[in-house]
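>
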Amino acid sequence: MADEVLRELITDLDGIYFDATIGNAGHAELIMNRLSPNAKLVGSDSDPEAAALAVRRLAAFGERAIVVHADYRELAKIFEDLGIEKINGALFDLGLSSLQLDNPRRGFAYRLDGPLDLRFDPTRGQPTSDWVNSASEEELAGIFKRFGEEPNARRIARRIVKLRAAQPIETTTQLRDLIISVVGPNGRIWGRTAARIFQALRVHSNSELDAIAMGLTSALDLLSEGSRLVVIAYHSLEDRIVKTIMREAARKCDCPRIYGQCRCGASPRGHLVHKRVLRPTEAECAANPRAQAARMRVFEVHISESSWGTK
Ligand SMILES: C[S@@+](CC[C@H](N)C(=O)[O-])C[C@H]1O[C@@H](n2cnc3c(N)ncnc32)[C@H](O)[C@@H]1O
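If you use my numbering, the sequence shown corresponds to residues 13 to 323, in order.
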């Protein structure tokens, strides 16, 4: 959704922009090329390999492009360290990159053999296999249900607990084969099941939903008047959080006038730019099938002290 990102995000060609999930710096490079030579971009990624790649890709922009290996949950600290108080736009392109998905070493893909890792930042915490081999059946099933919406959550959890007693589950292939042993060899069925289970493990291992909530909330605090928060989500769990945070940030006071003053405490910080999500064009989906799931939401910041009496 490159065209949409440029159109929706940039409101000031001389501004300071934040790419919270810089990844391969595809969006970041396009943004830098669009901005004036006075503008700046700060990018973060919790994956050290992605951050290093982005540094190389943006080297031509010199000090105008700053990339840090950091979790966007820490964005207040990132900007405090840089001495930047306000920004003119923030982009969150959620989930994982094609580079991560296509790298068997990272353990994100059930079709590739590799360690069952699934961490965005392998320098922190433990690989996902540690959790899979120690969590209770209850915990496993709960995560598969909550973050994968998996109908066979309980059966798969039970099989994990049974099989790991003989041999710990350390690889993507072991888990994939275990899933096939539960739901059968029909490729469409086990493929979808594996996609949901791997998604659940990834969301859990990286505390993704908490991260999104924290990151978006902190970004709203940094955005200046008239600037925009642009978020691209790839599954309904992510999108639900984005929608909730943006709606809450846009919520106006609806206390009855008879109260004489606002009692609900609403203090809207702006509005949703589009009523519905923006989707990639058919042409983009044809060229890049992974884009199909993308949905973009855009929030524009307008700071007002109170919305009392506006409804
Ligand atoms: C879809 S990719 C971004 C691709 C990027 N927009 C581009 O054009 O190349 C998402 C990136 O977000 C990173 N990421 C995920 N969670 C993160 C977090 N909490 N903090 C920082 N980066 C995160 C992933 O490591 C991945 O590189």
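Where a beta carbon is used, it is the ideal one built from N, C-alpha and C, also for glycine. All of these numbers come straight from a predicted model, not from anything done at the bench.
(1) Going by Cα to Cα distance, which pick from T205, I155, D26 is closest to Y122?
(2) For ligand 1, any of its heavy atoms closer than 7 Å to the Cβ of A64?
(3) Whole angstroms is fine: what's the gap from L108's alpha carbon to F132's?
(4) Taking the continuous beta strand (DSSP E) assigned at H283, which residues delimit it?
(5) If M13 sits next to P301, beta carbons under 8 Å apart, how far is it from one beta carbon to the other, in whole angstroms?
(6) For K52, does the count of other Cβ atoms within 10 angstroms reach 16, so buried, or fall short, so exposed?
(7) Which first and last residues belong to the alpha helix (DSSP H) in which L232 is found?
(8) Identify, in the order they occur along the chain, each residue of the same chain with its Cβ nearer than 6 Å to the Cβ of F159, setting aside the five sequence neighbours on each side.
(9) Check this for me: beta carbons of G282 and V313, under 8 Å apart or not?
(10) Please look up how many angstroms separate the CB atoms of L128 and S141, rounded, as I've assumed it's under 8 Å.
(11) Are the stretch 227-241 and the stretch 86-100 in contact at 8 Å, needing three or more beta carbon pairs?
(12) Out of curiosity, what's the CA-to-CA distance linking I257 and V310?
(13) Please check the pair S240 and V194, which I expect to be a contact at CB under 8 Å, by giving their CB distance rounded to whole angstroms.
(14) Residues in its own chain within less than 7 Å of A245 by CB, not counting five upstream and five downstream?
(15) Might you give, ordered along the chain, the residues of its own chain that have their beta carbon closer than 6 Å to the beta carbon of Y84, omitting 5 neighbours on each side?
(16) State the DSSP-derived secondary structure class of V289, mapped to helix, strand or coil.
Quick look at the numbers:
(1) For the purposes of this step, residue 122 is identified with residue 110 of the sequence shown, where counting begins at 1. With distances taken between Cα atoms, Y122 lies closest to T205.
(2) Numbered from its first residue, the sequence shown carries residue 64 at position 52. Placement of the Cβ of A64 at a distance of 7 Å or more from every heavy atom of ligand 1 is found.
(3) Taking the sequence shown and counting its residues from 1, one reaches residue 108 at position 96. Taking the sequence shown and counting its residues from 1, one reaches residue 132 at position 120. So the alpha carbons of these two residues sit roughly 8 Å apart.
(4) Position 271 of the sequence shown, counted from the first residue, corresponds to residue 283. Under the DSSP assignment, H283 falls in the beta strand (DSSP E) whose first and last residues are 282-284.
(5) Residue mapping note: residue 13 aligns to position 1 of the sequence shown, counting from 1. Residue mapping note: residue 301 aligns to position 289 of the sequence shown, counting from 1. A Cβ-Cβ separation of about 14 Å leaves M13 out of contact with P301 under the 8 Å criterion.
(6) Here the question's residue 52 lines up with position 40 in the sequence shown. The residue in question, K52, is buried, as its Cβ has 16 or more Cβ neighbours within 10 Å.
(7) The count along the sequence shown starts at 1 and reaches residue 232 at position 220. Residue range 220-234 is occupied by the alpha helix (DSSP H) that includes L232.
(8) Looking up residue 159 in the sequence shown gives position 147. Apart from sequence neighbours up to five positions away, the residues of its chain that approach F159 with a beta-carbon distance below 6 Å are A212, V215, H216, ordered along the chain.
(9) What you label residue 282 is simply residue 270 of the sequence shown in a count that begins at 1. What you label residue 313 is simply residue 301 of the sequence shown in a count that begins at 1. The Cβ atoms of G282 and V313 lie closer than 8 Å to each other.
(10) Locating residue 128 in the sequence shown gives position 116, where the first residue counts as 1. Locating residue 141 in the sequence shown gives position 129, where the first residue counts as 1. So it is a contact: roughly 4 Å between Cβ atoms.
(11) A contact exists between the stretch 227-241 and the stretch 86-100.
(12) Here residue 257 corresponds to residue number 245 of the sequence shown, with the count starting at 1. Here residue 310 corresponds to residue number 298 of the sequence shown, with the count starting at 1. I257 and V310 have their C-alpha atoms roughly 11 Å apart.
(13) Numbered from 1 along the sequence shown, position 228 holds the residue referred to as residue 240. Numbered from 1 along the sequence shown, position 182 holds the residue referred to as residue 194. The amino acid occupying residue 240 in the given sequence is Arg; Ser does not appear at that position. Not a contact, Cβ separation roughly 45 Å.
(14) Translated into the one-based positions of the sequence shown, residue 245 becomes position 233. Cβ within range, chain order: L106, D251, V254, R307.
(15) One-based indexing of the sequence shown puts residue 84 at position 72. Same-chain partners within the cutoff: A32, S56, G227.
(16) Counting from 1 along the sequence shown, the entry for residue 289 is found at position 277. Taken through DSSP and simplified to helix, strand or coil, V289 comes out as coil.
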